[in-house]
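In UniProt numbering, the protein residues as written are 1 to 345.
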Amino acid sequence: MADRMPRIFRSLETRNGQNAFDTIVEAAVADFLRISRPSAAHSADFSRLVASMWSRLSLEAKRQLALSLSTTPHVPRPLVELLLSSSTEISAPFLFSSPCITREDAVRLAAREEQAPQDTAAELQQHPQRDEAPQHFRPARRAEGGPSEPPIKSAAAARDALRALARPGSRRAPSRIAEAVIPPVTDAAPASPAAAALQEARRGRPVRALDIIAAALGLAPDIAAGLSAEADGRPLVAALKLLGHSRADAMTVVLMVHETAGRDVTVFDRLTGFFDAASPDECRSLLGIEPAPRAVANQPLGRPQHRPLHAEGAGYRSESPARQVTFGRRRNAPSRLADSGGGRL
């Protein structure tokens with residue numbers, strides 16, 4: 001396969017490192033979708049290329065691949081199996097919309113969903129949780145008969161202890177530095193409303209995801225209530241685009257949150273096209289949000305507007321209000337000439 005790979009793919013593989021694999025697969029997918037009826041050899045080459053790089057692709061690249069291949073009926077069977085074995089977070093658009101999913105695949109997916117809770121219950125029975133709370137650290141043993149030293153609770157105290165150890169001629173035993181208590185691992189709060197909405201949608205909380213979207217955009221109650229119930233789904237897609245979602249993330253939220261968009265392939269394709277074509281102003285207009293104010297071009301703040309001095313009635317300069325600006329021939333003699341009787345200077 002490496003010998004038959006085009007030269008551009010080999011150069012991309014060695015030029016940018018890890019990110020180059022995403023670019024290679026993106027180019028291969030675009031080339032595969034360009035052909036309406038790919039040959040068997042082309043499909044086999046495409047399948048081997050993607051399968052060989054699957055483990056090196058980023059999560060975003062995998063989801064984008066699943067979304068791009070969700071509408072074509074010519075996906076090679078090895079890639080279908082690869083997407084079926086992937087997590088729902090990656091393969092959700094493909095599972096909802098692909099015409100390559102057979103009845104046997106649907107039965108396997110249903111069986112896998114039913115088997116997952118049973119496996120979890122069996123694992124909990126084999127490894128029951130202990131009643132006592134987990135210990136996050138183990139205190140160091142104290143030397144018998146030695147004095148108990150207070151724990152170091154600040155960075156300044158730690159620096160003083162290290163200086164004492166490094167001082168020449170110091171025979172003082174190393175002081176015990178208290179081990180830091182490792183807090184229990186918790187889910188980090190999302191950095192943005194877009195990430196929070198995507199996280200809640202993946203966890204199966206559509207109501208919470210819709211509340212986050214409506215609060216972030218300040219939507220009216222009637223518009224917020226219709227985000228998941230609108231027949232065409234365009235308000236929800238417009239809201240997701242205003243929040244800054246990528247196309248793959250937005251379509252994932254639509255599949256998880258909207259009531260009917262994921263059931264019709266035609267509607268889903270139409271929403272994908274609307275997401276790509278809609279401008280921010282169109283999205284705001286659809287959601288009833290006032291357009292963002294536009295700053296006046298080339299108008300610096302804190303400076304007065306230009307006043308043409310050559311115009312009639314231009315008046316005085318703003319910098320020197322007592323001086324009147326006039327142009328043309330001088331009508332009055334200078335003051336020194338007037339005092340000397342009109343002679344030359």
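Yeah, the Cβ is synthetic: ideal placement off N, Cα and C, and Gly gets one too.
Values in this document were obtained by computation on a predicted structure and should not be read as measured data.
Continuous alpha helix (DSSP H) stretch holding P99: start and end: Neither: P99 is in no alpha helix (DSSP H) and is coded neither H nor E.
Return the first residue and the last residue of the alpha helix (DSSP H) that D269 is part of. V265 to A277
With distances taken from CA atoms, which of V107, G226, P76 and I90 is nearest V257? G226
By Cβ distance, which residues of its chain are closer than 6 Å to D45, with the 5 residues on each side in sequence left out? none
When the Cα of A214 is compared with those of V267, R284, L271 and S97, which residue comes out closest? R284
Where the alpha helix (DSSP H) through P78 begins and ends: R77 to L84
Suppose you measure from the CA of G262 to the CA of R112; what does that come to, to the nearest Å? 21 Å
Cβ-based neighbour list, T260, same chain, cut-off 8 Å, excluding 5 preceding and 5 following: A231, G233 and V267
Check each candidate in P221, L255 and L271 and name the one with the smallest Cα separation from L95. L255
Under three-state DSSP, which class holds residue 362? No information on residue 362 is available, as it lies outside the stretch 1 to 345 that the chain covers here.
Chain-order list of residues whose beta-carbon lies under 6 Å from that of E104 (same chain, five-residue window excluded): none
Please state whether DSSP places T260 in a helix, a strand or coil. coil
Could you pull the start and end residues of the alpha helix (DSSP H) that E60 belongs to? L59 to S68
If we ignore side chains and look at the alpha-carbon of each, how far apart do A30 and R48 end up? 16 Å
Residues in the same chain with beta-carbon distance under 8 Å from R37, minus the five sequence neighbours each way, listed in chain order, please. H74
Quick one: grab the DSSP three-state call for A231. coil
Distance check for V253 and A197, CA to CA, integer angstroms please. 8 Å
Where does the unbroken alpha helix (DSSP H) through E200 begin, and where does it stop? P193 to R202
Buried or exposed: which applies to L59, given that a residue is buried once 16 or more other Cβ atoms fall within 10 Å of its Cβ? exposed
Would A106 be called buried (16 or more neighbouring beta carbons within 10 Å of its own) or exposed? exposed
Excluding sequence positions up to five away, which residues of its chain have a Cβ less than 7 Å from the Cβ of D249? L198
Own chain residues within Cβ distance below 7 Å of A194, not counting five before or after: L243, G244 and H245
Would you mind stating whether A51 and P78 have Cβ atoms separated by less than 9 Å? yes
For a minimum of 4 consecutive residues, which ranges assigned as the alpha helix (DSSP H) are wholly contained in the region 12-52? 18-34
Using CA coordinates, which residue listed in P76, M53 and E282 is at the minimum distance from L33? P76
Go ahead and label P280 buried or exposed: buried means 16 or more other beta carbons lie within 10 angstroms of its beta carbon, across all protein chains shown. exposed
Could you say which of A61, P221, N332 and A201 lies nearest to L240 if we only look at CA atoms? A201
Given this structure, state the Cα-to-Cα distance separating S70 from L210, to the nearest angstrom. 25 Å
Which same chain residues end up closer than 7 Å to A278 when comparing Cβ atoms and leaving out the 5 residues on each side of it in sequence? A238 and K241
Burial state of V25, where buried means 16 or more other Cβ atoms lie within 10 Å: buried
First through last residue of the alpha helix (DSSP H) which encompasses E282: P280 to L287
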